[in-house]
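One structure is given below, encoded as structure tokens.
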Amino acid sequence: MKKGIILLAILAIVSTETNAQLGNVLDKAKSVATNAGFDVNTLTTGIMGKLSPALTLSAAQKPKVTNAITEYLSQKAQFIAKQQTNPAEYKQRQMGIFQGLKSKLAGILVKNQMNKFLGLKPATNDPANVLSQLFF
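Heads up: the sequence shown at position 134 corresponds to 129 in our numbering, and the numbers run straight through without jumps.
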């Protein structure tokens, strides 16, 4: 009986320690993204400040587009460091999640708005242009 209780205690400690380590990894990833100037909430606000008037979003569309942009940027934050360490992997992953964003937006925006959205892509990855975070 004592061995069973001791075994359960050890398992509980190991489980708690593992969860704490996973939390630390996620916190570190968020910290790296923030330190790289990639704050999801700030970027979402800036991007929506440009998209709303450019696409003439309706009141019903704004929260849906905001959620899609936030989700996209949250996914991108998980691998943003790869932009410096492994550009090929970064580009591949970014293209994958961008396709997901386009699919979501296609269900929210009308065709004319979607065409305008795609036309907003900057010619180059300009850090001064917040829309670069969507397309690059």
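Where a beta carbon is used, it is the ideal one built from N, C-alpha and C, also for glycine.
Whole-Å CB distance - residue 100 paired with residue 60, under 8 Å assumed: Contact between residue 100 and residue 60 is confirmed by a C-beta separation of about 7 Å, below the 8 Å threshold.
Residue 64, DSSP secondary structure in three states: Here residue 64 sits in helix by DSSP.
Contact under 8 Å by Cβ, residue 56 with residue 92: Residue 92 is positioned such that its CB atom lies no closer than 8 Å to that of residue 56.
Separation of residue 111 from residue 81, as counted between CA atoms: Going by the C-alpha atoms only, they are around 31 Å apart.
Distance between beta carbons of residue 85 and residue 77, contact taken as under 8 Å: At roughly 4 Å, the Cβ-Cβ gap stays under 8 Å, so residue 77 and residue 85 are in contact.
Cβ-based neighbour list, residue 62, same chain, cut-off 7 Å, excluding 5 preceding and 5 following: Cβ within range, chain order: n/a, list empty.
Check whether residue 64 and residue 39 have beta carbons under 8 Å apart: A distance below 8 Å separates the beta carbons of residue 64 and residue 39.
Reference residue 71; option with closest CA among 83, 89, 123, 109: Comparing Cα positions, the closest option is 89.
8 Å Cβ cutoff met for residue 130 and residue 122: Cβ atoms of residue 130 and residue 122: not closer than 8 Å.
Residue 104 in three-state terms, based on DSSP: Judged by DSSP in its simplified three-state form, residue 104 adopts coil rather than helix or strand.
Reduced DSSP secondary structure (H/G/I, E/B, other) of residue 53: Residue state, collapsed to three classes: coil.
Which of helix, strand or coil DSSP assigns to residue 70: In this structure, residue 70 counts as helix in the three-state DSSP scheme.
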